Amino acid sequence: MKKSGFFAGIIFLILLGLAVGCGSKLKDVERAQREGILLRGNNTEPETLDPHVATGVPENQIISSLIEGLIAYHPSDDTAIEFGMAERFETNAAGDVYTFHLRDAKWTNGDAVTARDFEYSYRRMLTPELGAEYVSMLFVIKNAQRYYESRVQPKPGEQPLPWEEVGLKVLDEKTLEITLTGPMPHFPLMLKHYSWFPVNPRNIEAHGGMTNRDGRWFAVGNFVGNGPFRLKTWRTNQILEVEKNPDYWDAENVKLNGIRFFPVESVDTERRMFEAGQLHLTGNVPLHEIPIYREKSPHLIRTDPYLGTYFYRVNLTREGPMRDVRVRRALALSIDRASLIDNVLKGGQTPAHYFVPRGIPGYTPKDYLRFDPSEARRLMAEAGYPEGRDFPVLEILYNTREEHKTIAETIQQMWRQTLGIDLRLHNQEWKVYLDAQSNFEYDIARAGWIGDFVDPYTFLEMFTTGNGNNDTGWSNERYDALIARSIRTGQTSTRFALLEEAESILMEELPIIPIYIYTNTILLHPAVKNWNPKLLDNRNMKYIYLEEVPPQPRASKLY
Amino acid sequence: MFRFILIRLLQLVPVLLVIITLTFALVRSVPGGPFSAERKVSEHVLEKLNEHYGLNDPLYLQYFNYLKNICPKKLNLPALADFDLKEGLGIDLGPSFRYEGRTVNELIAESFPVSFELGAYALLLALLIGIPAGTLAALKKNTLLDYIPMSSAMMGICLPSFVLGPLFALVFGLWLDWFPVSGWQAPGGFSWADDLPYKILPALTLGIFYAAGLARLTRGGMLEVLNQDYIRTARAKGLSSFTVTVKHALRAGLLPVISYFGPVVAGVLSGSFIIEMIFQIPGLGRHFINAANNRDYTLVLGTVLFYATLIILLNLIVDIILVLMNPKLKFEK
Numbered sequence: 001m002k003k004s005g006f007f008a009g010i011i012f013l014i015l016l017g018l019a020v021g022c023g024s025k026l027k028d029v030e031r032a033q034r035e036g037i038l039l040r041g042n043n044t045e046p047e048t049l050d051p052h053v054a055t056g057v058p059e060n061q062i063i064s065s066l067i068e069g070l071i072a073y074h075p076s077d078d079t080a081i082e083f084g085m086a087e088r089f090e091t092n093a094a095g096d097v098y099t100f101h102l103r104d105a106k107w108t109n110g111d112a113v114t115a116r117d118f119e120y121s122y123r124r125m126l127t128p129e130l131g132a133e134y135v136s137m138l139f140v141i142k143n144a145q146r147y148y149e150s151r152v153q154p155k156p157g158e159q160p161l162p163w164e165e166v167g168l169k170v171l172d173e174k175t176l177e178i179t180l181t182g183p184m185p186h187f188p189l190m191l192k193h194y195s196w197f198p199v200n201p202r203n204i205e206a207h208g209g210m211t212n213r214d215g216r217w218f219a220v221g222n223f224v225g226n227g228p229f230r231l232k233t234w235r236t237n238q239i240l241e242v243e244k245n246p247d248y249w250d251a252e253n254v255k256l257n258g259i260r261f262f263p264v265e266s267v268d269t270e271r272r273m274f275e276a277g278q279l280h281l282t283g284n285v286p287l288h289e290i291p292i293y294r295e296k297s298p299h300l301i302r303t304d305p306y307l308g309t310y311f312y313r314v315n316l317t318r319e320g321p322m323r324d325v326r327v328r329r330a331l332a333l334s335i336d337r338a339s340l341i342d343n344v345l346k347g348g349q350t351p352a353h354y355f356v357p358r359g360i361p362g363y364t365p366k367d368y369l370r371f372d373p374s375e376a377r378r379l380m381a382e383a384g385y386p387e388g389r390d391f392p393v394l395e396i397l398y399n400t401r402e403e404h405k406t407i408a409e410t411i412q413q414m415w416r417q418t419l420g421i422d423l424r425l426h427n428q429e430w431k432v433y434l435d436a437q438s439n440f441e442y443d444i445a446r447a448g449w450i451g452d453f454v455d456p457y458t459f460l461e462m463f464t465t466g467n468g469n470n471d472t473g474w475s476n477e478r479y480d481a482l483i484a485r486s487i488r489t490g491q492t493s494t495r496f497a498l499l500e501e502a503e504s505i506l507m508e509e510l511p512i513i514p515i516y517i518y519t520n521t522i523l524l525h526p527a528v529k530n531w532n533p534k535l536l537d538n539r540n541m542k543y544i545y546l547e548e549v550p551p552q553p554r555a556s557k558l559y
Numbered sequence: 001m002f003r004f005i006l007i008r009l010l011q012l013v014p015v016l017l018v019i020i021t022l023t024f025a026l027v028r029s030v031p032g033g034p035f036s037a038e039r040k041v042s043e044h045v046l047e048k049l050n051e052h053y054g055l056n057d058p059l060y061l062q063y064f065n066y067l068k069n070i071c072p073k074k075l076n077l078p079a080l081a082d083f084d085l086k087e088g089l090g091i092d093l094g095p096s097f098r099y100e101g102r103t104v105n106e107l108i109a110e111s112f113p114v115s116f117e118l119g120a121y122a123l124l125l126a127l128l129i130g131i132p133a134g135t136l137a138a139l140k141k142n143t144l145l146d147y148i149p150m151s152s153a154m155m156g157i158c159l160p161s162f163v164l165g166p167l168f169a170l171v172f173g174l175w176l177d178w179f180p181v182s183g184w185q186a187p188g189g190f191s192w193a194d195d196l197p198y199k200i201l202p203a204l205t206l207g208i209f210y211a212a213g214l215a216r217l218t219r220g221g222m223l224e225v226l227n228q229d230y231i232r233t234a235r236a237k238g239l240s241s242f243t244v245t246v247k248h249a250l251r252a253g254l255l256p257v258i259s260y261f262g263p264v265v266a267g268v269l270s271g272s273f274i275i276e277m278i279f280q281i282p283g284l285g286r287h288f289i290n291a292a293n294n295r296d297y298t299l300v301l302g303t304v305l306f307y308a309t310l311i312i313l314l315n316l317i318v319d320i321i322l323v324l325m326n327p328k329l330k331f332e333k
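Chains A and B are the protein sequences, given in the same order. With the working numbering, the residue at position 155 of the first sequence is 155, and numbering never jumps. With the working numbering, the residue at position 230 of the second sequence is 230, and numbering never jumps.
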């Protein structure tokens, strides 16, 4: 009897499960809509919530809802100033001293946000013991680099630079003066980056001090922020939830009551969640699903321009044909980018006939490249490889991923057809591939770059001599000089002219072969409002809101 | 019996030592490090990070430090029951390299119960489906009642979970709308009943593979037993068919099932990377694979060590149960 009772219990449980599963027909998104909570796919588990240590996009999505810097993200325009903790600022005539006036704002622990907090935060970033990976972002502050380097690798006889020498001055509790290395009109835009976010000194000191990386300060219950939302729940690999912060200075204009971030690594799972009504928006769309959505439910898919370039690096440290600029040019001219995008990628990307993505106001790169098979063949013949004769077998290296493989195969095919050369494909696991690239163990390698802020500098600086992210072995004195001069120029138009000249050198020499400009494609529930196209996918979440919409038919019914 | 258990527990030490040494050597010989990223870290920062995580020490020193940290130093059972290895046994698996501020102990303590729970449901389903199906097939040998469950079992074994999982999600989640397609707990939900629908599809996907194996083993075991003399005797005594099957035949017929059970329990409880990915479950299996991809050295070592111990201990338990159930076996030495 006991046994049958046990089985009856199990059957009851299963039925109960079915009843619960079938009973409530309200989808997660609909319930969340009523509660004013946004359900968001966020790619992967955040590595940290410390703005001074973070490096990734998923982290940024969360941190920027919890902490607000001097300048915040604008709801629609990445190049516009949206005041955050700063109420206003002014610059001196030379344009190298910025004075920020802070508004009355509070941390979630009740402390007032003061200029001292910012000084503390920037000092924390610049202290080598913290090991902040984005420390160089702050080197635009006068003497910041010297302060940092005199502690890391002091020159013989050099004393560590005292903190007072660094161009940061707290004029009073609410006024912060920042002196830069030179005039820099785009400085306020740089402040949107999380490396410039403040942290609460009292909280940091209570959890191990300024340079402690044990991360206790941002655990649930400890986290102190000043942003529109505050941390509520965090379960590794499952969910991170933030709720509206009632103490936020602009709380009345925060429309959402909360956001749930789901670290969904698999794009297919994410898509299923979206269709089942478990997510309002996804971080990605599987490549093969894009055309289906475009055709069957275009109101659910969103493609926005994105400030990033997909390109191939060429290893110039290896002996061989790739050292000949004519060969590199021939390779660049024989890629039919439009065809690649229309037939393979299908995500509405832009052919990259230049390196810096278009869309930065005041900076529109020319079409340096084009699809020109006959010119490509001529160049190859001139370089001594007519119809690809005697061309050695080289390799295209990419990290193991379907998308990169498809692109590499397409380009391999284009080069074979146009130039008669054969390249082998070689895939490596992500970290092995990164290592191979750093150690110059490749011929041609796939790469991608997303801008840190809306400025051509964040793309072009990378190819200066010896830059850690150059990885091609390319070096050009004139290029280096132009980049260096651009930092010292205060006038945007002059600066952009210098950078454009630099880009033209890059596109003349082609240590890299640009392929396409990224787009950001996501699935978006029609209830989500004010989700505007943005060059960088930086959202000021306080402006996003949910609107009651009739229940959505399932896209999967289309299959 | 005590002696037997003690000896087996002592054997655990060299086995684990070999496993740790091999894992340590392998994980450190793979190219790429925990801090390599597309946007490269400057050399000073890398230096600081390596220093912070003790990666600048000579390798042998790191190895011995690690061994020292994972040596059990105390025994505190209440803490151990909460999966707190540090308080419970004094084992410190170190900080995670990827997840700033979280230790490997915490990550395991957080994710193992999830995998365990999922595994328990899957196991339950496997038993509920597998053993009755196998018994039925044996009793009705060479009839439709034999062929249908056995060919389904063959399919269950052959279909990998990365096919079954999405298929279940599509059919039961998207088309029929019975269950959520992914997740582990109802967001904002509080009770066990709120969470239950989330657990059914993954448990089914994981359970069906083992149900199939169990069914086949049960059928085999039962067929052998049903031909034995004592079963005929039992029938001759006039016992009901149910009593004969359940009380006399099944007990012996399940012996092969039990030896299969050890690895099954370990496999099922320790999670499945694929199922955890497909259904977005925060279990140990995901850490196991992601740690290797991220070169999160301590997390790789921690999860390997944890799995290894679990499998060895479960095998030991199975051995004990086997002896207890089979009067022909004895604890030797």
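In this text, a Cβ means the ideal position worked out from N, Cα and C, and glycines have one as well. Since the structure is predicted, the reported quantities are computational estimates derived from the model, not experimental observations.
Look at B:M325: its C-beta is not under 8 Å from any C-beta on chain A. Nearest in C-alpha terms to A:G359, of all of A:F139, A:E441, A:V314 and A:T309, is A:T309. Just so you know, the alpha carbons of B:I208 and A:G348 end up roughly 42 Å apart. Counting along the chain, A:Q417 sits inside the alpha helix (DSSP H) bounded by residues E402 to L419.
For A:H207, there is no enclosing alpha helix (DSSP H), as DSSP marks it with neither H nor E.
Contact between the segment 99-107 of chain A and the segment 7-14 of chain B is absent: fewer than three C-beta pairs spanning the two stretches fall below 8 Å.
For A:T309, the enclosing beta strand (DSSP E) starts and ends at I301 to V314.
Residue contact check for B:K247 against chain A: no CB pair falls below 8 Å. Around the beta carbon of A:R424, a 10 Å sphere encloses fewer than 16 other beta carbons of the protein chains shown; the residue is thus reported as exposed. Boundaries of the alpha helix (DSSP H) around B:L26: F2 to S29.
At a Cβ-Cβ threshold of 8 Å, B:Y297 and B:F97 count as neighbours. At a C-beta separation below 8 Å, A:W430 has these neighbours in chain B: G32 and N293. In this structure, B:L305 lies near B:I20, with their beta-carbon atoms less than 8 Å apart. Residues of chain B with a Cβ closer than 9 Å to the Cβ of A:T317 do not exist, since the nearest Cβ in that chain sits about 17 Å away. Counting only residues of its own chain and dropping the five nearest sequence neighbours on each side, A:T55 has a CB closer than 6 Å to the CB of E133.
With contacts defined by Cβ atoms closer than 8 Å, A:R260 and A:T108 do not form a contacting pair. With at least 16 other beta carbons inside 10 angstroms of its own, B:A291 counts as buried. The beta-carbon of A:D435 is placed less than 8 Å from the nearest beta-carbon of chain B. Taking a C-beta distance under 8 Å as the contact criterion, A:P357 and A:L419 do not qualify as a contact pair. In the structure shown, A:K106 falls within a strand segment according to DSSP collapsed to helix, strand and coil.
For B:D229, there is no enclosing beta strand (DSSP E); the enclosing alpha helix (DSSP H) covers residues D229 to A236. In the DSSP assignment, A:Q238 falls outside any alpha helix (DSSP H), carrying neither H nor E. In terms of Cβ geometry, B:L269 and B:S115 form a close pair [threshold 8 Å]. Beyond the five residues adjoining it in sequence on each side, A:Q412 comes within less than 7 Å, by CB distance, of I396, L423 and L425 in the same chain, given in chain order.
Excluding sequence positions up to five before and after B:A266, its CB lies within less than 7 Å of the CB of L310, I311 and L314, all in the same chain and listed in chain order. In the structure shown, the three-state DSSP call for A:H426 is strand.
Under the three-state reduction of DSSP, A:D172 is assigned to strand. By the beta-carbon neighbour count (other beta carbons within 10 angstroms, threshold 16), A:R377 is buried. Assignment of A:I483 by DSSP, reduced to helix, strand and coil, places it in the helix class. If you draw a straight line from the Cα of A:N284 to the Cα of A:G157, it is about 53 Å long. Under DSSP, the beta-bridge partners assigned to B:P95 are B:T103. Note on A:V393: under 16 other CB atoms within 10 angstroms of its CB, so exposed under the neighbour-count rule. When CB distances to chain A are screened at a threshold of 8 Å, the residues of the segment 91-105 of chain B falling below it are P95, R98, Y99, E100, G101 and R102, in chain order. Going by C-alpha positions, A:Q428 is about 15 Å away from A:T406. Where B:W192 is concerned, the enclosing alpha helix (DSSP H) starts and stops at W192 to L226.
With fewer than 16 other Cβ atoms from the protein chains shown falling within 10 Å of its own Cβ, A:H288 counts as exposed.
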